[in-house]
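J.:
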Amino acid sequence: MEKGPFSVEWLAQSSRGGAPEMPGKGAPKGSPLQTPPSVPADTPRDREAAERRSPGHGAESVGAVPGRARTKFSAAQLQELERSFREQRYIRAGEKRRLAAVLNLSQSQIKTWFQNRRMKFKRQTQDAR
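With UniProt numbering applied, the sequence shown covers 1 to 129.
(1) DSSP three-state label for K120, please.
(2) Under a three-way DSSP split, which group does K111 fall into?
(3) Measure how close the beta-carbons of F114 and F73 come, nearest whole angstrom, since I'm counting them as under 8 Å.
(4) Starting from R97, follow the alpha helix (DSSP H) in both directions and report where the run begins and ends.
(5) Pick out whichever of G94, N104 and A93 has its Cα sitting closest to the Cα of T71.
(6) CB K96 to CB K120, shorter than 8 Å?
(7) How long is the line joining the alpha carbons of G94 and K122, rounded to whole angstroms?
(8) Looking at the secondary structure, which residues open and close the alpha helix (DSSP H) in which F73 lies?
(9) Excluding five sequence neighbours on each side, which residues of the same chain lie with their C-beta closer than 8 Å to the C-beta of A100?
(10) Would you mind working out which of R98, A128 and Y90 sits nearest Q77, comparing C-alpha positions?
(11) Measure from the alpha carbon of E87 to the alpha carbon of each residue in T125, R118, Q126 and V102, then state which is nearest.
What follows is the structure in C-alpha cells.
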C-alpha cells in the first residue's frame, strides 16, 4: 500500500524531518528536506539552528519549540506575581498590563506564568486530598 500525502505514516515521517516528496512536487531549492543534516553549517547562525534541530540537544524535551530560553524570574518579580495570584487566580487585562509594565515582562509572559501557577495550584490541592 502506497503512503499517500497526509497519511498517518507520511505525517509521522514529516515530523521527523524525513517526509517523502509530495507527488508531482519537488522540495524547493535549499529547503531543509534537500540538505542532509551531516553537512557542516556555514555561519554561526546556521550552526545554532542545526544544534537546536539535533536530537538530544541540551535539556530540551521532546516537542519543545527551539529558539526561546526559559525565563528566569527574579525574586521581586515572583513576589509580586504570587501576591497578585493570591488576590485573584485569573488575571484581568488591566492587571496584566500593569504587572507587565511594573515587572518589565511581556503580557504574554505574565499570562503564561498565571497559567502555569494555576496548574501548580491544582496539582497541590489534588495531592493534599
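All C-beta atoms in this analysis are idealised placements derived from N, C-alpha and C, irrespective of residue type, glycine included.
Everything numeric in this text was worked out from a predicted model, so none of it was measured.
T.: Straight from the coordinates:
(1) If DSSP states are grouped into helix, strand and coil, K120 belongs with the helices.
(2) In the structure shown, K111 sits in a helix (DSSP, three-state: H, G or I).
(3) Actually they are not in contact, since the Cβ atoms of F114 and F73 sit about 12 Å apart, beyond 8 Å.
(4) Unbroken alpha helix (DSSP H) run through R97: A93 to L103.
(5) Minimum Cα distance to T71 is reached at N104.
(6) No; because the gap between Cβ atoms is not below 8 Å, this pair is not in contact.
(7) Looking at the backbone, the Cα of G94 and that of K122 are separated by about 25 Å.
(8) Element bounds for F73: n/a, residue is neither H nor E.
(9) Within the same chain, A100 has close Cβ partners S106, Q107, Q109 and I110.
(10) For Q77, the closest of R98, A128 and Y90 by C-alpha to C-alpha distance is R98.
(11) If we check each option's Cα against that of E87, R118 comes out closest.
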